[in-house]
C-alpha cells in the first residue's frame, strides 16, 4: 500500500489521486501546464548565403581592416575582416558568420550587437590553439540582451564580477567554456538566464561562483555535461522555470548546497510567480558532495520544491548535508507537489538520502518515490536511518533499502552499475499501468507524470518506453495530462493492467540509477 500524505491508494493508481489543499481539491488532470513561451525574435535580419570569418586581434595597430592575414596577425597582406575590439566585430557579424578571437586578455564586457537566425547562428570562439581570457570586468562579463542564435564556446572567464547574463535571449549555445572566480554575491555572481528560453548550456566548467548558474523565469533550456564545483550559495538555482532539462552534470560543493528548485517571490529582479516551477527533468547527474550540516534542511544535494518534477537516474554519494530534501518554506517553496522520484542511487550520504519537510505548505504531497537504491546512508548524527519521511510519502517496499552490499561493480572506481548477480536486478516496479486494453499510438495510463516528451527543449527527445512482457519500444511524442495518455511514434498492442516503464533489460526494471552491468 502506497501512502501519500494522508491519502492511500492501491498499487500505483496515482492518476486517481486527489491532492487536498485546504478547501481546494484538484486532480492531476486539472493541473494547467505552462504553454511554450511566445518569443519576440525580430524578423528581417540581414542574411547572406555565404559565411564570413571575422577576426578579433587586440594587437592590431588600427581599429579595423578588411585585409587581415591571420598568419602574420597584421593588416595589409590578407583578405579577411578584422577588428581590434570584440564588440566592434560583433556589429559586423551576420547570421552564419564565424568570429575568431586571437589569443589575449579582454577586459571589457562582451555585449554582442547582432543575432543569428535558425540554422545560421553566429559563432564566437578562440582561434585554433589559442587561449582567450575575459578578466577584470566589473559587470557580468557577457551580456546577451535580446540576442538569439549565438554560439559562444571555448573561452576562459575568470576574476570578474559575474560570468554572464542572458536576458530575453533565446536559442543560444554556451559550451566548452571555463568559468572561474565570480566575485559578486547574489545571482550576479555566476551565469544567469532570466526570461530566456530554448538555450543550451553544455560541457562548461564552473568553479567558485555564488549562484553559479541561475535559471530564472526561463523555460525549456538544456543544461548538460557541465562540471560544477564550489559555490558560496548554490551551484545551480532553478527558479520559476518550466520544462528545463538538467542532465549528465557533475556537482561538487564543499561550501554549500548543490542545487535548489523553487518558485519566485519577487526578490531582486525576479518576478512574483508562485506555483510556477513545473515539469522540470533532472536526470543522469552525479551529486558527489555537499557541505556537512547537523540539520537536514541545509546544504542538500537538491533542495527541492516545485510541481510535477521528475528526478531519475541520478547518483547521490557522499553528500554530507543530505540528498533530496522536499522542502517547504515561505513563500517561494509553498507549492511542492506531484514529483516522480525514481531509479536513483543513494550511497553514503549523511543527513538522510531523502527528506520530506512537506508540512505547512499551500499545495504539498502527491509524490511517487520508487525503484531507488539506498545503501549506507545515515541521519545527521551518524545513525543508520536512511530516510526522513515523517508524513509517509515513501513506501519502503517500492525502494531498495539495502542492508548489505548491493553488488555495485566498483565503488572505488565510481562505477555504480549492478553486477549481474546483484539481488536488485529485475526487482524494480513498473512505473505505472495501462487503464484499458487496446492498440494504436495513444496509450491510456493510470499516471503519465513519470514520463517526459521532450517539451521542445533543444536536442531532447521524448522517453523510450517498454511494456511489461514485450520487447518492442516506442518513443513518447506527447504527455497529455488532460487525458492521462501518451502519444507514441509507433503503434502498439496492449492489455489492461499491463506495466509500463522506460526502456529496460531483463524481465522488469532494476533498482537504482544504472541497472545491471550486462544491460548497459
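Residue numbers (the working numbering): 5 to 524.
Built from N, CA and C at the ideal position, the CB exists for glycine as well.
Note that this is a predicted model, so its numbers are computed, not measured.
Contacting residues, own chain, Cβ-Cβ under 8 Å from residue i (five flanking each side not counted)
i           : result
residue 460 : 40, 202, 224 and 247
Residue i versus the options, residue with shortest Cα-Cα distance
i           : options               : result
residue 435 : 413, 481, 504 and 489 : 504
residue 93  : 115, 501, 242 and 339 : 115
residue 1   : 46, 38 and 99         : Past the boundaries of the shown model lies residue 1; the chain is included only from 5 to 524, so the question cannot be answered.
residue 309 : 213, 208, 363 and 443 : 363
residue 156 : 139, 120 and 391      : 120
residue 162 : 209, 123 and 491      : 209
residue 89  : 103, 81 and 253       : 103
residue 499 : 474, 416, 440 and 509 : 440
residue 455 : 474, 442 and 491      : 491
residue 344 : 360, 336, 374 and 192 : 374
residue 271 : 296, 250, 187 and 335 : 335
residue 366 : 217, 36, 386 and 311  : 311
residue 63  : 207, 56, 74 and 177   : 74
residue 408 : 154, 76 and 388       : 388
residue 255 : 496, 239 and 479      : 239
residue 176 : 122, 447 and 231      : 122
residue 472 : 464, 438, 487 and 443 : 438
Opposing strand residues paired with residue i [DSSP bridges]
i           : result
residue 323 : 294
residue 146 : 114 and 168
residue 46  : Answer is none; residue 46 lacks a bridge partner.
residue 126 : 154
residue 525 : A question about residue 525 goes unanswered here, because the residues of the chain that appear run from 5 up to 524.
residue 353 : DSSP, once it has assigned bridges, lists no residue as partnering residue 353.
residue 359 : 329 and 392
residue 269 : 276
residue 69  : 86
residue 308 : 265 and 330
residue 237 : BP columns for residue 237 are empty, so no partner.
residue 211 : 184 and 233
residue 79  : 72
residue 428 : Answer is none; residue 428 lacks a bridge partner.
Residues near residue i by beta carbon distance below 6 Å, same chain, minus five either side
i           : result
residue 244 : 221, 267, 268, 277, 280 and 281
residue 382 : 354
residue 518 : 420 and 421
residue 507 : 468, 470 and 477
residue 515 : 375, 377, 404, 428, 431 and 432
residue 262 : 239, 255, 291, 294 and 305
residue 124 : 99 and 100
residue 289 : 253 and 318
residue 510 : 430
Other residues of its chain near residue i: CB distance less than 7 Å, five sequence neighbours each side excluded
i           : result
residue 26  : Legend: pLDDT at residue 26 = 33, less than 50; position of this residue unreliable, no value from coordinates given.
residue 522 : Residue confidence for residue 522 is low, a pLDDT of 41 falling below 50, so the modelled location carries little weight and cannot support an answer.
residue 379 : 351, 406 and 410
residue 10  : In this predicted model, residue 10 has a pLDDT of only 28, less than 50, meaning its place in the structure is not dependable; the value taken from the coordinates is given anyway. Contacts found: none.
residue 234 : 211, 212, 257, 258 and 259
residue 302 : 325
residue 97  : 58, 103, 118 and 126
Element boundaries [alpha helix (DSSP H), containing residue i]
i          : result
residue 90 : 90-96
Residue i vs residue j beta-carbon contact at 8 Å
i           : j           : result
residue 483 : residue 457 : yes
residue 87  : residue 70  : no
residue 143 : residue 170 : no
residue 284 : residue 313 : yes
residue 328 : residue 304 : yes
residue 370 : residue 341 : yes
residue 214 : residue 229 : no
residue 173 : residue 148 : yes
residue 322 : residue 359 : no
residue 384 : residue 466 : no
residue 391 : residue 348 : no
residue 132 : residue 118 : no
residue 164 : residue 141 : yes
residue 179 : residue 151 : no
residue 61  : residue 77  : yes
residue 426 : residue 274 : no
residue 217 : residue 464 : no
residue 496 : residue 447 : yes
N-terminal and C-terminal residue of the beta strand (DSSP E) that residue i is part of
i           : result
residue 328 : 328-330
residue 340 : 339-341
residue 369 : 367-369
residue 481 : 477-484
residue 246 : From DSSP, residue 246 is part of no beta strand (DSSP E); its letter is neither H nor E.
residue 448 : 442-448
residue 313 : Taken as a continuous stretch (DSSP letters only), residue 313 belongs to no beta strand (DSSP E), as it is neither H nor E.
residue 102 : 102-105
residue 175 : It is not in any beta strand (DSSP E) - residue 175 carries neither H nor E in the DSSP assignment.
residue 513 : Premise fails: residue 513 is in no beta strand (DSSP E) and is neither H nor E.
residue 57  : 57-60
The ligand NAD heavy atom lying under 7 Å from the CB of residue i
i           : result
residue 466 : In terms of ligand content, the structure shown is empty, and the ligand NAD therefore cannot be addressed.
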